[in-house]
Amino acid sequence: MIYLTRIEHFNAAHRLFNAQWSEEKNVEVFGKCANKNYHGHNYKLYVTVKGTPNIETGFIVNAKILGRLIEEKIIEQIDHKNLNIDVPFMQNKFTSVENVIVAIWNELEQPIADLGSQLHKLKLEETPNIFAEYYG
Numbered sequence: 003m004i005y006l007t008r009i010e011h012f013n014a015a016h017r018l019f020n021a022q023w024s025e026e027k028n029v030e031v032f033g034k035c036a037n038k039n040y041h042g043h044n045y046k047l048y049v050t051v052k053g054t055p056n057i058e059t060g061f062i063v064n065a066k067i068l069g070r071l072i073e074e075k076i077i078e079q080i081d082h083k084n085l086n087i088d089v090p091f092m093q094n095k096f097t098s099v100e101n102v103i104v105a106i107w108n109e110l111e112q113p114i115a116d117l118g119s120q121l122h123k124l125k126l127e128e129t130p131n132i133f134a135e136y137y138g
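Numbering (this note's numbering), first residue to last: 3 to 138.
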């Protein structure tokens, strides 16, 4: 089994808050991330696929095609957007890095399978100190 990882970048804003809580409790739990005016991150997305290399190409997936798929399904939808407001696949979801990575998985899993590969892992870096990994 071979594993191939493609790295993409995007910038997005969000606000961590629970609408059922008071503003004070949101600030207590989420700190600056509860800012009413939102805040942003420079995200780094690692998309790891797995498979057996094709005899004719040597690829488990064509990296150029994989890049275009990630661009279309994720980056165009999320880059320079507000996760709480603008991103269809994040509607009515809490915008923690944990939930964002699961939503991205759900957007990519079948299209990657349609390319003849399998999504193995996603890693989403929100900051240099915080990231989530998801294996589906």
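For each residue, glycine too, the CB sits at the ideal point set by N, CA and C.
For residue i, write down the residues that DSSP places opposite it in a beta bridge.
i, result
"K125", "Y48, E135"
"F32", "Partner(s): none; F32 has no beta bridge."
"T97", "According to DSSP, T97 bridges with nothing at all."
Can you name, in chain order, every residue of its own chain whose Cβ lies under 8 Å from the Cβ of residue i, other than the five neighbours on each side?
i, result
"N37", "R17"
"I4", "K52, G53, T54, P55, I62"
"I132", "V99"
"Q120", "V51, K52, G53, I114"
Quick one: residues in its chain with C-beta nearer than 6 Å to the C-beta of residue i, no 5 flanking neighbours on either side, listed in chain order?
i, result
"T97", "H16, L85, N86"
"Y48", "T7, I9, K125"
Under the assumption that residue i contacts residue j (Cβ atoms under 8 Å), give the Cβ distance between them as a whole number of angstroms.
i, j, result
"R148", "G60", "Residue 148 falls outside the range modelled here, since the chain spans only 3 to 138, and no answer is possible."
"A65", "L6", "7 Å"
Report the residue ranges of all alpha helix (DSSP H) runs contained in full by the stretch 47 to 93; include only those spanning at least 4 residues, in chain order.
For secondary structure counted as the alpha helix (DSSP H) over 4 or more consecutive residues, the stretch 47 to 93 holds these complete runs in sequence order: 65 to 72.
For the structure I just gave you, are there three or more beta carbon pairs, one from the stretch 110 to 118 and one from the stretch 28 to 46, closer than 8 Å?
Contact check between the stretch 110 to 118 and the stretch 28 to 46: fewer than three CB pairs, one atom from each, fall below 8 Å, which does not count as touching.
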